[in-house]
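Following this note's numbering from start to finish, the sequence shown increments by one per residue and tops out at 550.
Ideal Cβ placement from N, Cα and C applies to all residues, glycine included.
Keep in mind that this is a model prediction, so the values were computed, not measured.
Okay, so here's the structure we're looking at.
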Amino acid sequence: MSKERLPKPIYEQLAYFRYQIRKFIRFSEEAARSKGLTPQYHQLMLSIMGFPGREHATPKELAERLQITPNACIELIQRCEELNLVQRFPNPNDRRSIFIRLTDTSKDILEELSEIHMEELKRAGLLEFKDAFSSVKEKEA
410 MSKERLPKPI YEQLAYFRYQ IRKFIRFSEE AARSKGLTPQ YHQLMLSIMG
460 FPGREHATPK ELAERLQITP NACIELIQRC EELNLVQRFP NPNDRRSIFI
510 RLTDTSKDIL EELSEIHMEE LKRAGLLEFK DAFSSVKEKE A
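Structure (structure tokens):
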């Protein structure tokens, strides 16, 4: 007895979802390049700033977030460090490890990129941001 195949609409939904993801990734890559960054630099910066509960991360944590090897992550960190996008600082709880944080310059660039990414996600209907963000923007106005 043969296994019943998935219905065609399932493939259509999966294909459309993959298409939307790819469109967003292409948008993101082009946006990063427009700011003089490679997409990998942008992803590293976003992973650092977006790390839950703090604005720094270890190379091992970043490698996991970026889904790259630890050695590739260290190389990426070094390249970003040479461009003054990130800084290393010692982990006060473990002398054997370091933390990586953004420089003020890269925070400004990341903020600009994140704003246009949010606009694109909203436009595409892919993501709605939490009310907390709206209240922060209202306070700034």
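- Judged by DSSP secondary structure, L530 falls outside any beta strand (DSSP E) and instead within the alpha helix (DSSP H) spanning D513 to A533.
- Residue state for P479 is assigned as helix, using DSSP reduced to three classes.
- If the five residues before and after L535 are omitted, its C-beta is found closer than 7 Å to the C-beta atoms of Q429 and F433, all from its own chain and listed in chain order.
- Membership of P501 in any beta strand (DSSP E) is not indicated, and neither H nor E is assigned to it by DSSP.
- One Cα belongs to I477, the other to I483, and the distance between them is close to 10 Å.
- In the DSSP assignment, the residues bridged to F508 are F498.
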